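Enquirer: Below is a structure I'd like to ask you about.
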Amino acid sequence: MTAAPTSRGRVVASGVGLDYDGSTALDDASIEVHAGEFFTLLGPSGSGKTTLLRIIAGLLDPQRGRVAIDDVDVTHTPTQKRDIGFVFQNYALFPHLTVAENVEFGLKIRKVRSDARAARVAEILELTALGGLGDRYPAQLSGGQQQRVALGRALAQRPRVLLLDEPLGALDRALREDLGAEIRRIQQEAQTTAIYVTHDQDEAFILSDRMGVMRDGRIQQIGTPEELYRAPNDLFVATFLGKTNLFPGEVVETTSAGTVVRIGDSLVTARPHATSDATSVYCSVRPEQLVVSDTVPTGHHKLISAVVTDSRFLGQRQTVRLAAEGIQCSADLDPYGPVPAVGERITLSVRIGESALVPRETA
Ligand SMILES: Nc1ncnc2c1ncn2[C@@H]1O[C@H](COP(=O)(O)OP(=O)(O)O)[C@@H](O)[C@H]1O
Ligand SMILES: [Mg+2]
Numbered sequence: 001m002t003a004a005p006t007s008r009g010r011v012v013a014s015g016v017g018l019d020y021d022g023s024t025a026l027d028d029a030s031i032e033v034h035a036g037e038f039f040t041l042l043g044p045s046g047s048g049k050t051t052l053l054r055i056i057a058g059l060l061d062p063q064r065g066r067v068a069i070d071d072v073d074v075t076h077t078p079t080q081k082r083d084i085g086f087v088f089q090n091y092a093l094f095p096h097l098t099v100a101e102n103v104e105f106g107l108k109i110r111k112v113r114s115d116a117r118a119a120r121v122a123e124i125l126e127l128t129a130l131g132g133l134g135d136r137y138p139a140q141l142s143g144g145q146q147q148r149v150a151l152g153r154a155l156a157q158r159p160r161v162l163l164l165d166e167p168l169g170a171l172d173r174a175l176r177e178d179l180g181a182e183i184r185r186i187q188q189e190a191q192t193t194a195i196y197v198t199h200d201q202d203e204a205f206i207l208s209d210r211m212g213v214m215r216d217g218r219i220q221q222i223g224t225p226e227e228l229y230r231a232p233n234d235l236f237v238a239t240f241l242g243k244t245n246l247f248p249g250e251v252v253e254t255t256s257a258g259t260v261v262r263i264g265d266s267l268v269t270a271r272p273h274a275t276s277d278a279t280s281v282y283c284s285v286r287p288e289q290l291v292v293s294d295t296v297p298t299g300h301h302k303l304i305s306a307v308v309t310d311s312r313f314l315g316q317r318q319t320v321r322l323a324a325e326g327i328q329c330s331a332d333l334d335p336y337g338p339v340p341a342v343g344e345r346i347t348l349s350v351r352i353g354e355s356a357l358v359p360r361e362t363a
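The sequence shown begins at 1 in UniProt numbering and counts up by one.
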């Protein structure tokens, strides 16, 4: 899916920083979110996601840097003048108002005429699939329904930007998947920019056009889910976005086919290693990229020889554990194809130019 073609809702944060009592919560954070884009801030707890989102919202004043929405500097603009909508983890609905009244609330504050209000509420209830529930009170709704009301309330005033801070955090797993897909659909239909905070990598992958991975108050890397997964710049991003096998190596040279690294007595051509001049690197190979065979297949380079220590059928994949020269690895194989037996000695290889290199010192 591509971002909706709208020209409203471009968000730029430049060099934004904030300290709490001398300790840095957010350091030199810069993002550029395109109009209509679904952009996710992904990172572990305490990495500064909420701080950055609250600064964009105008709920926190940054000590450094600037925020602009549609090229207008809003760094010191009050929240209510930023034309944004919010959704938080705890739904924060008004318990004494019905679903329809909750959605209508912001429109009333803004003195929208009552016939226009009624039409907009009906539209929003339709958009959020809450059609029959307008007269219920929040306490009469499930968690997922309450979160849809919160989303509808945030969208009622057609904000330029929708900010969501772990909105699925309080829901159980199955509901999270369903509502995650709903949030993406509603955002696309409403043609609004979304900035979404989560610590859940699966959620980020399902929802995002692009994402920024955060760690210790810094944005480590920005890209599409695929770019970040296939070509992480550092060890943190490589390991935070799913499992990987790390083979220590030394950079030998860079060719047109990629960067050549020596791993043991093998030479492996990996993706071009352009973001760092480190020569001590890890060659990062995802479990599904690791090829387990007797000999090295064409188009592949040998990594190391290994012995199979464990093999498990997991339905969609066969996970094989391997040990070699002090390295433990795991490979996800096709359970319908040939699977090596425990104790067997095999060769591990990877497709030429497919693995990623990350500097070793950024552990
Ligand atoms: N009100 C506060 N006072 C002091 N420290 C805070 C406050 N809010 C957040 N922090 C600290 O700032 C850092 C970033 O927090 P936060 O942005 O909430 O992270 P995240 O949303 O990624 O979990 C953390 O180290 C956190 O402990
Ligand atoms: Mg947070």
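Think of the CB as a built atom: it goes at the ideal place given N, C-alpha and C, for glycine as much as any other residue.
Keep in mind the model is a prediction, meaning the values are calculated, not measured.
1) For residue 349, is the classification buried or exposed, using 16 other Cβ atoms within 10 angstroms of its Cβ as the cut-off for buried?
2) Suppose you measure from the CA of residue 153 to the CA of residue 49; what does that come to, to the nearest Å?
3) From the DSSP output, in three-state form, read off residue 75 for me.
4) Between the C-alpha atoms of residue 28 and residue 282, what's the straight-line distance to the nearest angstrom?
5) Going by beta carbon distance, what residues of the same chain come within less than 6 Å of residue 100, once the five residues before and after it are set aside?
6) Are the CB atoms of residue 205 and residue 225 nearer to each other than 8 Å?
7) Indicate whether residue 217 and residue 175 have their beta-carbon atoms separated by less than 8 Å.
8) Is residue 77 a contact residue of ligand 2, with contact defined as CB to any heavy atom under 7 Å?
9) How far does the alpha helix (DSSP H) with residue 415 in it reach, from first residue to last?
10) Using the C-alpha atoms, what's the distance from residue 222 back to residue 73?
11) Measuring only the C-alpha atoms, how far is residue 303 from residue 250?
12) Where does residue 4 fall in DSSP's three states?
13) Are residue 192 and residue 160 touching if we call contact CB-CB under 8 Å?
14) DSSP three-state label for residue 302, please.
15) Using only the heavy atoms of ligand 1, determine whether one of them is closer than 7 Å to the beta carbon of residue 374.
16) Quick one: which unbroken beta strand (DSSP E) runs of 3-plus residues sit fully inside the region 12-51? Chain order, please.
17) Which of the three DSSP states is assigned to residue 314 in this structure?
18) Can you give me the start and stop residues for the alpha helix (DSSP H) that residue 181 sits inside?
19) Measuring only from the beta carbon, is residue 20 closer than 7 Å to any heavy atom that is part of ligand 1?
20) With a Cβ-Cβ cutoff of 8 Å, do residue 194 and residue 235 count as a contact?
21) Can you give the Cα-Cα distance for residue 93 and residue 188, rounded to whole angstroms?
22) Got a sec: does ligand 4 put a non-hydrogen atom nearer than 7 Å to the Cβ of residue 43?
23) From the DSSP secondary-structure annotation, give me the bridge partner or partners of residue 328.
24) Along the chain, where does the alpha helix (DSSP H) that runs through residue 103 open and close?
25) Does the structure place the region 321-333 close enough to the region 268-280 that three or more beta carbon pairs sit under 8 Å?
26) State buried or exposed for residue 18, treating a residue as buried only when at least 16 other CB atoms are found within 10 Å of its CB.
27) Is the distance from the Cβ of residue 258 to the Cβ of residue 244 below 8 Å?
28) For residue 4, which residues of its own chain have a beta-carbon under 6 Å away from its beta-carbon, when the five flanking residues on both sides are left out?
29) Comparing C-alpha positions only, which one of 358, 341, 203 sits nearest to residue 230?
30) Using a threshold of 8 Å, state whether the C-beta atoms of residue 156 and residue 106 are closer than that.
Expert: In short:
1) Residue 349 sits at position 349 when you count from the first residue of the sequence shown. Under this definition residue 349 is a buried residue.
2) Here residue 153 corresponds to residue number 153 of the sequence shown, with the count starting at 1. Here residue 49 corresponds to residue number 49 of the sequence shown, with the count starting at 1. When rounded, the distance between both Cα atoms is 23 Å.
3) Numbered from 1 along the sequence shown, position 75 holds the residue referred to as residue 75. If DSSP states are grouped into helix, strand and coil, residue 75 belongs with coil.
4) Taking the first residue of the sequence shown as position 1, residue 28 is located at position 28. Taking the first residue of the sequence shown as position 1, residue 282 is located at position 282. Approximately 27 Å between the Cα atoms of the pair.
5) The sequence position of residue 100 within the sequence shown is 100, counting from 1. 121, 134.
6) Along the sequence shown, read from residue 1 onward, the residue named residue 205 stands at position 205. Along the sequence shown, read from residue 1 onward, the residue named residue 225 stands at position 225. Result yes, Cβ atoms of residue 205 and residue 225 sit closer than 8 Å.
7) Looking up residue 217 in the sequence shown gives position 217. Looking up residue 175 in the sequence shown gives position 175. The answer is no: Cβ separation not under 8 Å.
8) For the purposes of this step, residue 77 is identified with residue 77 of the sequence shown, where counting begins at 1. Not one heavy atom of ligand 2 sits closer than 7 Å to the Cβ of residue 77.
9) For residue 415 there is no data in the structure shown, the boundaries of the chain being 1 and 363.
10) Position 73 of the sequence shown holds residue 73. Position 222 of the sequence shown holds residue 222. If I take the Cα positions, the gap works out to 23 Å.
11) Residue numbering aside, residue 303 sits at position 303 when the sequence shown is read from its first letter. Residue numbering aside, residue 250 sits at position 250 when the sequence shown is read from its first letter. When rounded, the distance between both Cα atoms is 13 Å.
12) The count along the sequence shown starts at 1 and reaches residue 4 at position 4. Below a pLDDT of 50, predicted positions are generally treated as unreliable, and residue 4, at 47, falls in that range; the measurement from the model is reported next regardless. Residue 4 carries a coil assignment under DSSP once its states are collapsed to helix, strand and coil.
13) Locating residue 192 in the sequence shown gives position 192, where the first residue counts as 1. Locating residue 160 in the sequence shown gives position 160, where the first residue counts as 1. A contact, by the Cβ cut-off of 8 Å.
14) As a working note, residue 302 is residue 302 in the sequence shown. In this structure, residue 302 counts as strand in the three-state DSSP scheme.
15) Given that the chain is displayed from residue 1 to residue 363, the structure contains no residue 374 and the question cannot be resolved.
16) Complete beta strand (DSSP E) runs here, min 3: 23-33, 38-42.
17) Counted from its first residue, the sequence shown places residue 314 at position 314. Residue state, collapsed to three classes: coil.
18) As a working mapping, residue 181 is identified with position 181 in the sequence shown. From DSSP, the alpha helix (DSSP H) with residue 181 extends over 173-190.
19) For the purposes of this step, residue 20 is taken as residue 20 along the sequence shown, with counting starting at 1. Result yes, Cβ under 7 Å from ligand 1.
20) For this step, residue 194 is matched to residue 194 along the sequence shown. For this step, residue 235 is matched to residue 235 along the sequence shown. No, they are not a contact pair.
21) Here residue 93 refers to the residue found at position 93 when the sequence shown is read from its first residue. Here residue 188 refers to the residue found at position 188 when the sequence shown is read from its first residue. C-alpha separation (whole angstroms): 23 Å.
22) This structure lacks ligand 4; the ligands present are ligand 1 and ligand 2.
23) Along the sequence shown, read from residue 1 onward, the residue named residue 328 stands at position 328. The partner list for residue 328 (beta bridge, DSSP) reads 323.
24) What you label residue 103 is simply residue 103 of the sequence shown in a count that begins at 1. First-last of the alpha helix (DSSP H) with residue 103: 99-109.
25) Taking a contact to require three or more Cβ pairs closer than 8 Å, the region 268-280 and the region 321-333 do not qualify as touching.
26) Within the sequence shown, numbered from 1, the residue matching residue 18 stands at position 18. Its Cβ being crowded by 16 or more others within 10 Å, residue 18 is buried.
27) Looking up residue 258 in the sequence shown gives position 258. Looking up residue 244 in the sequence shown gives position 244. Not closer than 8 Å, so no.
28) Indexing the sequence shown from 1 puts residue 4 at position 4. A caution first: residue 4 carries a pLDDT of 47, below 50, which makes its placement in the model unreliable, though a value can still be read off. Hits under 6 Å: 36, 188, 191.
29) Here residue 230 refers to the residue found at position 230 of the sequence shown. Considering only alpha carbons, the answer is 358.
30) Mapped onto the sequence shown, residue 156 falls at position 156. Mapped onto the sequence shown, residue 106 falls at position 106. Yes, these two residues count as a Cβ contact at 8 Å.
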